[in-house]
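If you read the protein sequences in the order shown, they are chains G and V.
Note that the first sequence covers residues 784 to 1087 in the numbering used here.
Note that the second sequence covers residues 1483 to 1779 in the numbering used here.
All C-beta atoms in this analysis are idealised placements derived from N, C-alpha and C, irrespective of residue type, glycine included.
Note that the structure is a prediction, hence the values are computed from the model and not measured.
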Amino acid sequence: MAVLAAPAASVKRRRRAVRRVPPTLLLFVLVPLAVEGFWVFWPALQGFYLSLTKWDGVSAPTFVGLDNYAEMLSDDIFGTAALDTVIWIVLFGGLSAAGGLGLAMLLNRERKGVGFYRAALFTPVVFSLVATALIWQAIYQPDGVFNNVLGAIGLDSWKHSWLADPDTALYAVLVPALWRQLGYVMVLYLAGLKGIDPVLYEAAKLDGATAWQQFRHVTWPQLRSVNSVVLSVIIIDSLRSFDVVWSMTKGGPYHSSELLSTYMYSTAFQSLRLGYASALAVVIFVLAFGVIVTYLVRAFREDQ
Amino acid sequence: MSVTTTRPAPPAAPEERVPAKRNHKRARRTFGFHLVAGGLSVLWLLPIVLVITTSVRSFSDIASNGLGALPHSFDLSSFGEAWGVGGGGHAMLNSFIVTIPTVLLSLLLASAAAFALSRFQIPFRRTIILVMLSGNLLPPQILLVPVSKLSELLGIYDTLTALIIVQVGFGLGFYTFVLQGFMRSIPDEIQQAALIDGAGPIAIFWRIILPMTRPALAALGALAFTWTFNDLLWSITVLRTETVMPVTPALLGLQGQYVSNWNVIAAGSVIAAVPTVAVFLRFQKHFISGLAIGAIK
């Protein structure tokens, strides 16, 4: 017993030695933290402050209190951009979640050809949104493939320049965004579906559950944590969406496809109204805030 | 993985005993699956086929037959145009000058932080991890104006250095979060043994923990490469001059330069997609598992 006890004690001591933090290790944490602090947290704080100022970027910013926020109330373009952002969250987010889940369900079972189908649907994810936008811009041209197909199936009256029409521009931009996002969400759901214990399905089948009942009572509840991740990801992605709109329409024509993100960018770097632009950025932050907190709480809980 | 092994695959022999009617039904369902999945795949690949065919058509073919017509020509000069006069080659060089240091620096700093935070009792370690992650979740819009002014103040506005630093800073939180989760699953005994042999923390980090983190580093490396290479927003925020633009923003410039030369624009898009497609094909498994990290968390 005594012989056994001695090494145990020394192990314990050694373990405590590991736990004492050597000073070099503090640098391991402090250097990255300083980089992020200087280039992310410090600018973010400045962003909040700038939203309370009027600034052209040249002379010193003047403090105007909440004037920028008051101005939004009477700014029609802000109204359009806010509405479009909501439409974007609902359609881009909703369709990519529902479509991604559908595709994952379709391609979940390992069978012949499934690897090819998954790869085909996933490929656009690796393209930049700018390249994606240009590919689709060519498709939407008046003499492009899309109008040709419409002509070929007898819908000549539907032909028009999809990106130049204020009524269709936002939706025309949405399609390429979805083309690229669906494969990504599909991968998230495929990972989730892989984690479901097959025994649950066997039990359900023994009880005579139909395919719909299996989905409703086995798959869906089991996907709960994936669902909340997908929800966070798509809301954060929707609010960040910028590249595809900027590349295809720059928010036009007549601001019809303007999102808060594109409006913020053009206000800042084209109109040089840096204070008002910062206030727009704060609005985007506020919209994302709930999702960010939910995401962090989950990360905190799982990081035990 | 477990799904394929645990789920009883329909054995071949009993299938013959299945009544013909059921067998027929199964064949029809398999056909239906391939019809739907195949149809969707074709639909998804069609835009890619289109951009490639457009890129190899001649300008006069597109002008006379229309952009959406079947190709009547085969002409690779558009690639030379996009690469040379259009500035694609130079932009590609800029992209690599930005992307490679960004990926290496991000992963180095993030894995150092992750090592300290996961293997030692750093005070407030959990808070630090979450604060770092929260920085990555911020909408970038809130940072654009201050970051562009900060880089002006430091005299690095309109340089690739600014773009590298900004992207490293913004990505760090996410990479640190993923890596520390991975490093915590490495058994403590290995570190103990090295410590008894007199290895310092840097040696343990560099020779033991980092090599064992390789799968996670490969996954994050592939993702970071794609994200950095495909970036538009940070580039157009800290850069202004055409000649320093990486491929992704340069593609927008190309579009402005060759307004209706769709063959050149298409060639540019194809060129811009080659590096990320290559990384994806080479690291396919890591890439997918990297994306899925988010779902499992």
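Approximately 10 Å separates the beta-carbon atoms of I1686/V and Q1674/V; this is outside 8 Å, ruling out the contact. A contact between stretches requires three or more CB pairs, one per stretch, nearer than 8 Å, and the stretch 835-845 of chain G meets this requirement with the stretch 1041-1058 of chain G. Contact annotation for V1518/V against chain G: L889 [CB-CB distance below 9 Å, chain order].
Distance from the CA of A1760/V to the CA of L912/G, rounded to the nearest whole angstrom, comes to 17 Å. Going by C-alpha positions, F1515/V is about 47 Å away from L1625/V. Shown here for A1564/V: same chain residues with a beta carbon closer than 7 Å to its own, the five before and five after excluded, namely G1570, L1736, V1746, A1749, G1750, I1753 in chain order.
Below the 7 Å Cβ cutoff, chain V contributes no neighbours of I1017/G, its closest Cβ being approximately 12 Å away. In the structure shown, the three-state DSSP call for F846/G is strand. The Cβ of A1700/V sits no closer than 8 Å to any Cβ of chain G.
Sixteen is the threshold: since fewer than 16 other Cβ atoms of the shown chains lie within 10 Å of the Cβ of Y1037/G, the residue is exposed. V1585/V is positioned such that its CB atom lies no closer than 8 Å to that of L1645/V. N1618/V places its beta carbon less than 8 Å from that of F1656/V. For V956/G, the closest Cβ of chain V is not nearer than 8 Å. With a cutoff of 8 Å on beta-carbon distance, L953/G and W941/G are scored as not near each other. Within the stretch 914-934 of chain G, the residues whose Cβ lies closer than 7 Å to any Cβ of chain V are, in chain order, A914, L917, I918, W919, A921, I922, Q924, D926, G927, V928, N930, N931. Proximity to V1650/V across A1706/V, H1768/V, S1537/V peaks at A1706/V, based on C-alpha coordinates.
Around the beta carbon of V982/G, a 10 Å sphere encloses fewer than 16 other beta carbons of the protein chains shown; the residue is thus reported as exposed.
For N930/G, the number of other beta carbons within 10 angstroms of its own is at least 16, and it is reported as buried. Under the three-state reduction of DSSP, T836/G is assigned to strand.
With respect to the 8 Å criterion, P949/G and A916/G are not classified as neighbours on the basis of their beta carbons. P1728/V sits in coil when the DSSP states are folded into three classes, being neither helix nor strand.
Classified as exposed, L1635/V has fewer than 16 neighbouring CB atoms from the shown chains inside 10 Å of its CB. The straight-line gap separating the alpha-carbon atoms of L1522/V and V928/G is approximately 18 Å. G1651/V belongs to the set of residues whose beta carbon lies under 8 Å from a beta carbon in chain G. Bounds of the alpha helix (DSSP H) holding Y923/G are 912-923. Closer than 8 Å to the CB of G898/G there is not a single CB belonging to chain V.
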